[in-house]
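Below is one structure; the comments refer to it alone.
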Amino acid sequence: MNTPHPTPARTFVVDTETRALFEDVVAKDRPQLGDVLAAVRADAVPAGAVILGCYPDGVSVEDATPAGAITHSDPYTAAPVPYDPTCDCIGCTEARGWSGPVITLATETMWEACDPVPAAAPVLVRLPA
């Protein structure tokens, strides 16, 4: 089960400069960027959030900014589930060597693999309305 962590989300109003950073991941056939983005711990990503990007190792939620995100070329909708170490997809196989808790943000992605993420890692999202 996706257990939220007490660390609050850092929210960012999407101004013209921030919107320009995400032009490459916001197409008319995908969900709109919206007015607010948030950096949240992976284990606190709610179902229905649009995953826009991740951050380099060592960046915390408190340090995360939209400009520092590594954006996904194909944003996807989160459907968090507990990490399944017995899954043989490429994402889950790679995560087997990680230390610490892991959460799977989605099992169905455009990569045809799960998207496991270290639970404490910040993730850039557009929160569901």
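Under the working numbering, the first residue of the sequence shown carries the number 18, and numbering increases by one thereafter. Even glycine gets a Cβ: it sits at the ideal position worked out from N, Cα and C.
Which residue or residues does DSSP assign as beta-bridge partners of residue i?
i: Y93; result: I68
i: P102; result: Beta-bridge pairing links P102 to no other residue.
i: I87; result: C71
i: V53; result: V30
i: L38; result: Beta-bridge pairing links L38 to no other residue.
To the nearest angstrom, how far is the alpha carbon of residue i from that of residue j?
i: M127; j: G70; result: 14 angstroms
i: G114; j: D74; result: 15 angstroms
i: D101; j: A66; result: 21 angstroms
i: E34; j: P99; result: 36 angstroms
i: R147; j: D60; result: This structure does not reach residue 147, given that the chain is present from 18 up to 146, and the question cannot be answered.
i: V57; j: I68; result: 11 angstroms
i: A26; j: D105; result: 32 angstroms
i: A86; j: V119; result: 20 angstroms
i: P21; j: P135; result: Low confidence applies to P21: its pLDDT is 48, below 50, so where it sits in the model is not reliable enough to give any reading.
CB residue i to CB residue j, shorter than 8 angstroms?
i: G108; j: A137; result: no
i: V62; j: L141; result: no
i: A112; j: P139; result: no
i: P97; j: A64; result: yes
i: L54; j: V31; result: yes
Can you tell me whether DSSP reads residue i as helix, strand or coil?
i: A136; result: coil
i: A146; result: coil
i: A59; result: helix
i: L122; result: coil
i: T28; result: strand
Let me check understanding here. Comparing Cα to Cα, which of the options lies closest to residue i?
i: A81; options: T33, R143, F39, T28; result: T28
i: H89; options: P145, A146, F39, E34; result: F39
i: P145; options: T94, D132, V134; result: T94
i: R36; options: P135, A84, V78; result: A84
Counting only beta-carbon separations shorter than 8 angstroms, does residue i have a partner in chain C?
i: R143; result: Among the protein chains of the structure shown there is no chain C, as only one such chain exists.
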